[in-house]
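Novice: Got a structure here, written out as structure tokens. Questions coming.
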């Protein structure tokens, strides 16, 4: 394995799709996202320290532009994570990951994902 590098955040940019919300559930609640990053075993990597007490799990991220924002920067829990080259990470809509309340979800959402290293 190669040396680890400090990983700070994951910017995501909407590139295509017809979903009415890209990162969250309601366009009226611009404080919370319902997008989460997991490892290959679906264990949350980020942001895990910011879970809200809403009805469904969501994350409070400072300066977040809302569920219809064209881009988002998801911080790693604790400020950074050590990541190995070729380490698999997944980006999920929390309802899909937890298999809850998916009945009313519709549309597709494709994003470009980037990595910010320390």
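Numbering (our numbering), first residue to last: 268 to 385.
From the three backbone atoms N, C-alpha and C, an ideal C-beta is built for every residue, glycine too.
Because the structure is a prediction, the values reported are computed rather than measured.
1. In whole angstroms, what separates the C-alpha of residue 367 from that of residue 337?
2. Can you confirm whether the stretch 299–315 touches the stretch 347–357 when touching is taken to mean that 3 or more C-beta pairs between the two stretches lie within less than 8 Å?
3. Residue 327 by DSSP, collapsed to three states: which one?
4. Just tell me which of 283, 275, 363 has its CA closest to the CA of residue 377.
5. Cutting at 8 Å between CB atoms, please list the residues of its own chain near residue 347, excluding the five before and the five after it.
6. Buried or exposed: where does residue 326 fall if 16 or more other Cβ atoms within 10 Å of its Cβ makes it buried?
Specialist: Reading it off the structure:
1. Counting from one through the chain shown, the residue named residue 367 turns up at place 100. Counting from one through the chain shown, the residue named residue 337 turns up at place 70. Spanning the two alpha carbons is a distance of roughly 25 Å.
2. Contact holds: three or more Cβ-Cβ distances are below 8 Å.
3. Taking the first residue of the chain shown as 1, we reach residue 327 at position 60. Three-state DSSP puts residue 327 in a strand.
4. Here residue 377 is taken as the residue at index 110 of the chain shown, counted from 1. Ranked by Cα distance from residue 377, the options 283, 275, 363 are led by 283.
5. Translated into positions along the chain shown, residue 347 becomes position 80. Hits under 8 Å: 273, 274, 275, 385.
6. Your numbering for residue 326 matches position 59 in the chain shown. Buried: at least 16 other Cβ atoms inside 10 Å.
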